[in-house]
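**Student:** All residue numbers for the sequence shown refer to my numbering, where the first residue is 63 and numbers rise by one.
Sharing a structure here in structure tokens format.
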Amino acid sequence: MSLPSNLKNLYAEWLQEFISALNPKQEQLTLTYEKARRNLLDVDDTIYYPRDLKKVKGIGDTIMRRLEKRLKEYCDELGVEMPQPAANAAARGTKRGTTTLRSNSTDVIGGEPPPKKLRKYIPKKRSGGYGILLALLEANAVIPKGISKDDTIGLAQKYCDHSLSPNFATKEFKGAWASITALKKHEFVFEEGRPKRYSLTEEGVNMAMILKSTDDIKFPRELENSQNVAADGEKDAAVDENEFTANYSELLGVEAPFDEELSFDRDKSLLDITFQDLESTPRIRKTAKSTAGTGHSSPISSQYRSLSAPAGETFTPETKALRRRFGGTSYELWTKGSYEIFPIIDHREVKSQSDRDFFLKAFIRRGMKSEVRQLALGDIIWIAKNKKSGTEAVLNTIIERKRLDDLALSIRDNRFMEQKSRLDKTGCKNKYYLIEETMSDVVEGMTEALKTSIWLILVYYRFSIIRTTNSDATVERLHSLHTVLQEEYSNRDLLVINPHNLQNQDDYRYELEKFRREFEKSKTIECCHNFQCFQEILGKGELSTIGELTIHILMFIKGISIEKAVAIQSVFPTLKHILTAYAECESPEEAKLLMFNKFGNAPGVKKISKNLSEKIADVFNKI
């Protein structure tokens with residue numbers, strides 16, 4: 063028995079079977095199959111192969127595959143062969159333009175077409191990749207010399223039609239900078255160090271030169287005689303040679319005497335100065351004026367000509383910052399008056415969903431400069447910006463803003479301890495918790511927990527607390543704090559650290575403390591990291607060590623605080639050690655008591671109870 067020459071009626075019959083098998087609730091699917099069946103019966107052409115069904119309006123791939131499967135079952139029942147359409151090549155004949163020789167050569171190698179040659183990646187004109195390549199070429203950033211992301215964006219923006227910086231108002235979280243991924247993938251750009259620095263590879267230089275010559279681009283630094291890149295590189299190298307090693311004594315020479323009254327004021331808590339009576343503010347100004355009137359200039363400025371200025375050149379705030387090295391790390395010295403300070407607000411800090419720019423607008427109304435950006439850590443930080451170079455540095459003041467209900471929730475899910483730990487890593491001397499006492503249902507039943515947390519913040523962790531009633535009061539307090547900081551830094555020289563190879567977040571604080579021990583012997587100098595380093599190193603999840611990952615994973619277990627997690631990690635450094643310890647337990651009972659036996663008598667919050675020990679065993683003993 064063989065199949066009929068036209069299978070149209072068979073296909074229509076099987077469609078009716080599909081319709082009958084549908085659930086009464088599947089009305090839409092029933093209509094689809096009925097429409098396909100009607101259209102199939104109306105077709106005048108012969109329908110034989112399953113692929114011929116695609117000619118029928120209303121029959122797509124899904125219905126075709128179901129009918130093809132049903133046809134195979136039907137053929138198996140009859141014991142006949144499944145209809146197979148002729149090969150595409152035989153049906154069409156030899157492709158036009160293909161010679162017999164080429165056809166025969168294909169058969170010799172097994173019928174496989176030659177591999178498709180990949181096109182070389184060329185960035186589109188005025189795209190992000192286009193701008194980045196030209197910016198790195200303009201800066202002569204060729205391996206091993208690299209420049210930072212901020213410097214790259216600053217140079218690249220004029221060559222790009224789209225913003226390279228993120229715009230959170232339009233939900234552009236990366237901007238055209240995302241093109242850096244493609245440039246790294248095609249080995250045009252090399253990324254190294256922490257904070258990251260970018261430089262051109264040999265292929266990247268060639269591509270950038272092609273783009274530059276094709277569009278006839280002239281860099282601002284190029285002279286009329288078309289000075290080449292190599293000559294510029296020699297010039298840059300000459301500048302870098304001036305950056306020799308200098309410690310505190312070499313930088314400052316003999317220490318100048320300090321004004322004891324001014325020194326006492328500076329040792330006071332910034333919070334106390336901010337919110338004390340206004341009579342104290344003129345006293346600070348008066349002290350500063352009396353210091354200036356005695357003729358004792360800053361020891362830093364007095365050393366510029368004798369120590370650091372090459373022949374015929376004087377370093378002043380209006381020209382450039384003094385660049386030196388200490389312990390293998392570069393740093394810059396910004397004299398007072400050569401920089402401005404202002405707060406940066408994290409873009410997630412809003413008054414409400416309908417009033418997202420409340421803080422920025424409130425500061426503007428008070429004549430206070432501020433910016434909104436994505437911060438790696440904290441909700442509000444103060445930065446210093448060099449008036450000449452535009453370089454930014456993070457000052458020693460950081461604020462974590464919490465509504466009372468948010469604080470309660472962060473205590474429940476362990477975010478409170480995790481945030482506290484990350485704030486400690488900043489090395490900032492002035493760490494504030496700003497608590498807006500907005501009440502909600504979440505706070506009910508957590509009065510004691512909130513009291514304990516505030517006590518821990520003040521006494522144990524040595525953070526300061528600013529308490530406000532609402533967002534308007536928060537703005538007033540922040541404005542007062544900003545006024546004090548401006549007064550404070552009007553008499554300060556900043557030593558800005560520019561590290562290039564930090565291994566983890568602990569190195570960030572270690573580097574800062576190393577510079578403080580050497581250079582903050584004078585109250586006129588404050589050490590701080592550059593802002594880009596802060597953003598890259600202190601981001602959540604950035605540069606985590608195996609120990610930090612172990613602590614983070616342990617904190618996912620309900621009941622384990624950061625103190626308990628740190629205690630466990632000190633005994634079991636990695637997850638492998640924990641799993642090995644449970645694997646060596648001879649019975650389930652021994653496994654349940656493993657952590658209790660280790661930490662049952664630990665002091666304070668590090669103590670682990672039997673119930674918590676059993677929870678930990680349930681997680682790790684079953685892996």
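Beta carbons: idealized from backbone N, C-alpha and C, even for Gly.
Predicted, not measured: the structure shown is a model, and the values here were computed from it.
Assuming L600 and A438 are in contact, meaning their beta carbons sit under 8 Å apart, how far apart are those beta carbons, in whole angstroms?
**Tutor:** 5 Å
**Student:** Report back the beta-carbon spacing between L195 and L91 to the nearest angstrom; my notes put them in contact at under 8 Å.
**Tutor:** L195 to L91, Cβ: 53 Å. No contact.
**Student:** For Y401, which residues in the same chain have their Cβ closer than 7 Å to its Cβ, ignoring the five residues on either side in sequence?
**Tutor:** A446, K447, N448, K449 and L556
**Student:** Residues in the same chain with beta-carbon distance under 8 Å from L574, minus the five sequence neighbours each way, listed in chain order, please.
**Tutor:** G489, I559, C589, C590 and H591
**Student:** By how many angstroms is the C-alpha of R256 removed from the C-alpha of H562?
**Tutor:** 5 Å
**Student:** So, do the stretch 194-213 and the stretch 256-267 have three or more beta carbon pairs nearer to each other than 8 Å?
**Tutor:** Yes, the stretch 194-213 touches the stretch 256-267.
**Student:** Taking the DSSP output, what are the residues bridged to A455?
**Tutor:** Its beta-bridge partners are A446 and N592.
**Student:** Let me make sure I understand the geometry here. Which of A238, A664 and L217 has the alpha-carbon closest to that of L226?
**Tutor:** A238
**Student:** Give me the Cα-Cα distance between L384 and L395, rounded to the nearest whole angstrom.
**Tutor:** Going from the Cα of L384 to the Cα of L395 covers about 5 Å.
**Student:** Can you round the beta-carbon distance between I406 and I443 to whole angstroms, since I take them to be within the 8 Å contact cut?
**Tutor:** 6 Å
**Student:** In terms of residue numbering, what span does the alpha helix (DSSP H) encompassing L611 cover?
**Tutor:** I608 to L616
**Student:** Assign W517 to buried or exposed, taking buried as 16 or more other Cβ atoms, counted over all protein chains shown, within 10 Å of its Cβ.
**Tutor:** exposed
**Student:** Measure the C-alpha to C-alpha separation of I678 and K207 and round it to an integer number of angstroms.
**Tutor:** 49 Å
**Student:** Per the contact definition of three or more C-beta pairs closer than 8 Å, is the stretch 620-630 in contact with the stretch 663-670?
**Tutor:** Segments in contact, yes.
**Student:** Is the beta carbon of S210 less than 8 Å from the beta carbon of Q594?
**Tutor:** yes
**Student:** Note down the Cα distance separating S542 from S632, rounded to an integer number of angstroms.
**Tutor:** 43 Å
**Student:** Since K41 sits in a beta bridge, which residues does DSSP pair it with?
**Tutor:** Given a span of 63 to 685 for the chain in the structure shown, any question on residue 41 remains unanswerable.
**Student:** To the nearest angstrom, report how far apart P635 and T612 are at their CA atoms.
**Tutor:** 8 Å
**Student:** Is it true that the stretch 429-437 meets the stretch 471-483, where meeting means three or more beta-carbon pairs spaced less than 8 Å apart?
**Tutor:** No: fewer than three Cβ pairs fall under 8 Å.
**Student:** Q48 to E598, Cα distance in whole Å?
**Tutor:** A question about residue 48 goes unanswered here, because the residues of the chain that appear run from 63 up to 685.
**Student:** Please name the residue, chosen from E130, I528, K585 and R539, that lies closest to S552 on a Cα-to-Cα basis.
**Tutor:** Minimum Cα-Cα distance from S552 among the listed residues E130, I528, K585 and R539 corresponds to K585.
**Student:** Between the alpha carbons of L72 and P112, how many angstroms are there, rounded?
**Tutor:** 11 Å
**Student:** Pull up the distance between the alpha-carbon of E480 and that of K602, whole angstroms please.
**Tutor:** 10 Å
**Student:** What are the boundary residues of the beta strand (DSSP E) that includes W396?
**Tutor:** T391 to W396
**Student:** Where do the N-terminal and C-terminal ends of the alpha helix (DSSP H) with F80 fall, by residue?
**Tutor:** K70 to A83
**Student:** So what does DSSP say about T636, is it helix, strand or coil?
**Tutor:** Note: T636 maps to coil in three-state DSSP.
**Student:** In this structure, what does DSSP give as the bridge partners for T307?
**Tutor:** R387
**Student:** Distance, Cα to Cα, T514 vs L655?
**Tutor:** 29 Å
**Student:** Strictly by DSSP, which residues pair up with Y644?
**Tutor:** None; Y644 has no bridge partner.
**Student:** Considering only residues of the same chain and omitting the five flanking positions on each side of L496, which have a CB-CB separation below 6 Å?
**Tutor:** I461, R463 and I528
**Student:** Quick check: the Cα distance between M508 and L466, rounded to an integer number of angstroms?
**Tutor:** 10 Å
**Student:** Spatial neighbours of H248 within its chain, please: C-beta separation below 6 Å, excluding the five flanking residues on both sides.
**Tutor:** The beta carbon of H248 is closer than 6 Å to those of Y183 in its chain, skipping five residues each way along the sequence.
**Student:** Going by other Cβ atoms of all chains shown within 10 Å of its Cβ, with 16 needed for buried, is N683 buried or exposed?
**Tutor:** That one is buried.
**Student:** Helix, strand or coil: which one does DSSP assign to T530?
**Tutor:** Under the three-state reduction of DSSP, T530 is assigned to strand.
**Student:** My parser needs the beta strand (DSSP E) runs of 3 or more residues fully inside the stretch 240-270; what are they?
**Tutor:** DSSP assignment within the stretch 240-270 yields the following whole beta strand (DSSP E) runs of 3 residues or more, N-terminal first: 251-254 and 259-262.
**Student:** Out of E143, Y95 and V267, state which residue places its alpha-carbon closest to the alpha-carbon of R128.
**Tutor:** Y95
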